[in-house]
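Step one of this worksheet: look at the structure below.
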Amino acid sequence: MQVDYDVIIVGGGPVGMMVAGELALAKMKVCVLERLKETTPYSRALTVHPRTLEILDLRGLKAKLLDRGKPISTGHFAALDTRLDFSVLDSSSNYTLIIPQHDTEKILEEWAKSLGVEIRREVEVMAVHQDQHGVEVEASGPNGKAVLTARYVVGADGAASIVRKEAGIPFIGKNATFTAMQGDVVLKNPPESGAASHFNEHGLVMIVPLPKGMHRVVLIDPERMAVPKEEPVSLEELRTSLLRILGDDLGISDPFWMTRFGNATLQAQRYRERRIFLAGDAAHIHFPAGGQGMNVGLQEAINLGWKLAAQLKGWAPDWLLDSYHTERFPINTALLTNTQVQSLLFGSMEFSPSVIALRNMVSDLLQIPEANYLLATQISAFNIQYEPDGEMQPHVLNGRRFTELNLRLENGECQNAYELFHSGSFLLLHLGSDERLDNAFDWSKYKHVHVLRASLAEGATDWHDVHTALIRPDGYVAWAVSQSESNPMEAIRKGITHWCGQV
Numbered sequence: 105m106q107v108d109y110d111v112i113i114v115g116g117g118p119v120g121m122m123v124a125g126e127l128a129l130a131k132m133k134v135c136v137l138e139r140l141k142e143t144t145p146y147s148r149a150l151t152v153h154p155r156t157l158e159i160l161d162l163r164g165l166k167a168k169l170l171d172r173g174k175p176i177s178t179g180h181f182a183a184l185d186t187r188l189d190f191s192v193l194d195s196s197s198n199y200t201l202i203i204p205q206h207d208t209e210k211i212l213e214e215w216a217k218s219l220g221v222e223i224r225r226e227v228e229v230m231a232v233h234q235d236q237h238g239v240e241v242e243a244s245g246p247n248g249k250a251v252l253t254a255r256y257v258v259g260a261d262g263a264a265s266i267v268r269k270e271a272g273i274p275f276i277g278k279n280a281t282f283t284a285m286q287g288d289v290v291l292k293n294p295p296e297s298g299a300a301s302h303f304n305e306h307g308l309v310m311i312v313p314l315p316k317g318m319h320r321v322v323l324i325d326p327e328r329m330a331v332p333k334e335e336p337v338s339l340e341e342l343r344t345s346l347l348r349i350l351g352d353d354l355g356i357s358d359p360f361w362m363t364r365f366g367n368a369t370l371q372a373q374r375y376r377e378r379r380i381f382l383a384g385d386a387a388h389i390h391f392p393a394g395g396q397g398m399n400v401g402l403q404e405a406i407n408l409g410w411k412l413a414a415q416l417k418g419w420a421p422d423w424l425l426d427s428y429h430t431e432r433f434p435i436n437t438a439l440l441t442n443t444q445v446q447s448l449l450f451g452s453m454e455f456s457p458s459v460i461a462l463r464n465m466v467s468d469l470l471q472i473p474e475a476n477y478l479l480a481t482q483i484s485a486f487n488i489q490y491e492p493d494g495e496m497q498p499h500v501l502n503g504r505r506f507t508e509l510n511l512r513l514e515n516g517e518c519q520n521a522y523e524l525f526h527s528g529s530f531l532l533l534h535l536g537s538d539e540r541l542d543n544a545f546d547w548s549k550y551k552h553v554h555v556l557r558a559s560l561a562e563g564a565t566d567w568h569d570v571h572t573a574l575i576r577p578d579g580y581v582a583w584a585v586s587q588s589e590s591n592p593m594e595a596i597r598k599g600i601t602h603w604c605g606q607v
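If you use our numbering, the sequence shown corresponds to residues 105 to 607, in order.
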């Protein structure tokens with residue numbers, strides 16, 4: 105099949121743009137099809153959590169988000185009184201960044217465009233067909249109907265994904281049992297603390313400050329929980345619920361965006377169907393508790409992008425594309441469990457004295473540092489450790505996120521290791537001076553592997569016994585070889601061949 109593109113991405117939100125940028129970074133020809141005329145003007149997903157900030161830092165994008173966002177050192181679990189403390193996390197990104205989705209989306213779109221991604225807006229995908237050679241996408245846009253072709257298609261087109269439906273992938277789980285409301289509004293009398301949450305027998309209110317003097321108000325009102333998700337929210341409805349729950353409407357006015365959402369929990373049973381892949385809400389939806397949805401989608405995007413590029417360039421091991429599902433599916437299964445637990449604590453059962461007592465008890469438990477840290481690592485995604493592949497010897501670092509080591513280079517200069525990932529390559533990091541490494545491979549054939557000799561400038565106790573480690577383009581340690589390894593060159597050869605192909 106003669107194709108128009110290497111990859112077509114259906115959906116131009118943050119997840120779609122991130123996948124597109126990742127592929128374009130590897131010099132792939134990419135087209136994004138988006139039905140909206142322009143980037144969303146609404147705040148929508150507000151939170152960028154620590155691990156997502158790290159992966160954006162790997163691509164040199166974090167500073168751009170910081171210019172437009174507001175860091176806060178805590179997150180919430182089910183809007184409990186005790187906040188999750190991100191400041192104890194081992195990272196310079198040990199905070200949540202409050203930034204409207206339209207800003208995040210714009211930054212990612214500008215990045216993708218700068219790398220050569222073609223973006224077609226006001227395009228509706230009608231059908232998707234695949235065979236052993238490629239994928240056909242039937243679409244309708246301002247210039248009429250067209251059939252576009254690609255080697256692969258990524259569906260990042262939301263919960264109602266046409267790509268998922270056309271691929272015949274089941275979307276399994278539980279439908280919504282209640283709905284809640286939210287609005288980005290002006291509050292004449294906002295809480296003195298800025299952010300606040302209130303839970304009582306009348307319902308729940310969460311308030312988050314936004315830029316330009318606005319606030320997000322989230323409401324779970326027992327008297328409105330049966331209203332269908334599709335029914336528009338009115339300002340009067342928000343005002344009435346605020347009065348019912350708080351006894352004060354806070355001077356609410358001037359709504360910019362209002363919506364209703366539910367607690368449906370559904371997941372695609374596979375993230376890959378031959379040449380079609382799913383990411384973001386197309387792969388899973390859940391109650392938006394803890395602001396995890398967009399974050400997990402962006403983490404999927406960086407997991408998938410380099411693997412697809414490897415396949416298209418011809419060096420990917422046979423198992424690599426399938427690892428997108430095997431790595432991400434169990435993580436998102438755990439995420440759905442996490443959000444279902446929060447949904448219960450939010451009051452989806454009832455707003456009774458017993459539920460209030462349960463919330464108070466869990467809030468008290470979160471004052472225990474170890475319990476707080478456990479949930480902070482879950483919400484931040486710092487707890488992720490992929491199952492090691494290959495026949496490498498076990499090491500505590502295998503499969504874990506790569507922390508931003510401060511490295512001392514051979515010329516004596518120091519460098520933050522994250523700066524080495526802006527090109528999207530593997531990093532083979534040798535913490536020593538073993539000259540046998542030069543002859544372990546014909547490294548000129550491994551253009552996708554950056555080989556670096558360095559030493560640790562400071563800290564990083566987990567790395568003190570490391571001879572050599574291979575770090576993936578998405579910032580996870582593929583494997584680490586210990587200094588006590590009897591035959592380190594053979595271990596490195598085995599690990600490179602397994603992960604980076606026989607070139």
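The C-beta atom is built at its ideal place from N, Cα and C for all residues, glycine as well.
Residue range of the alpha helix (DSSP H) that includes residue i
i           : result
residue 433 : 427 to 447
residue 410 : 397 to 417
residue 361 : It is not in any alpha helix (DSSP H) - residue 361 instead sits in the beta strand (DSSP E) that spans 356 to 366.
residue 600 : 592 to 604
residue 344 : 339 to 350
residue 465 : 457 to 469
residue 476 : 473 to 484
Which listed residue (the options) has its alpha carbon closest to that of residue i
i           : options               : result
residue 595 : 529, 304, 559 and 498 : 498
residue 156 : 381, 526, 258 and 483 : 483
residue 567 : 581, 555 and 576      : 581
residue 327 : 314, 347, 316 and 312 : 347
residue 476 : 187, 454, 256 and 532 : 187
residue 565 : 122, 177, 308 and 194 : 194
residue 351 : 116, 306 and 174      : 306
residue 119 : 140, 382 and 198      : 382
residue 399 : 141, 158, 539 and 434 : 158
residue 196 : 522, 541 and 546      : 522
residue 296 : 308, 313, 142 and 376 : 313
residue 470 : 132, 181, 323 and 235 : 181
residue 222 : 394, 174 and 124      : 124
residue 324 : 111, 122 and 449      : 449
residue 239 : 478, 198, 105 and 126 : 105
residue 191 : 217, 183 and 153      : 153
residue 385 : 260, 234 and 250      : 260
residue 428 : 374, 317 and 438      : 374
residue 322 : 132, 308, 335 and 334 : 308
Rounded separation between residue i and residue j - CA only
i           : j           : result
residue 515 : residue 589 : 27 Å
residue 572 : residue 557 : 9 Å
residue 208 : residue 319 : 18 Å
residue 396 : residue 201 : 12 Å
residue 103 : residue 504 : The requested residue 103 does not occur in the structure, where the chain is confined to residues 105 to 607.
residue 586 : residue 493 : 17 Å
residue 179 : residue 108 : 44 Å
residue 432 : residue 302 : 34 Å
residue 463 : residue 354 : 25 Å
residue 552 : residue 603 : 11 Å
residue 129 : residue 219 : 6 Å
residue 255 : residue 237 : 7 Å
residue 425 : residue 257 : 13 Å
residue 224 : residue 496 : 44 Å
residue 611 : residue 478 : Outside the shown range of the chain (105 to 607) lies residue 611, about which nothing can therefore be said.
Neighbourhood of residue i by C-beta, 7 Å cutoff - its chain only, sequence neighbours within 5 removed
i           : result
residue 584 : 499, 501, 502, 570 and 573
residue 337 : 285, 287, 362, 363 and 364
residue 144 : 205, 206 and 209
residue 561 : 510, 511, 512 and 518
residue 211 : 165, 168 and 169
residue 300 : 311
residue 367 : 280, 281, 282, 391, 447 and 452
residue 358 : 289 and 290
residue 536 : 571
residue 270 : 231 and 232
residue 262 : 115, 385 and 386
Element boundaries [beta strand (DSSP E), containing residue i]
i           : result
residue 531 : 530 to 534
residue 331 : No beta strand (DSSP E) contains residue 331, which DSSP labels as neither H nor E.
residue 520 : 518 to 520
residue 575 : 570 to 575
residue 369 : 369 to 372
Beta-carbon proximity list for residue i, same chain, < 6 Å, skipping 5 on both sides
i           : result
residue 576 : 582
residue 174 : 202
residue 149 : 205 and 398
Bridge-paired residues (DSSP) for residue i
i           : result
residue 132 : Bridge partners of residue 132: none, in fact.
residue 489 : 504
Cβ neighbours of residue i in the same chain (closer than 8 Å, five flanking residues each side left out)
i           : result
residue 526 : 162, 163 and 164
Closer than 7 Å: residue i CB and nearest the ligand SAM heavy atom
i           : result
residue 483 : Annotation note on the ligand SAM: not contained in the displayed structure, which lists no ligands.
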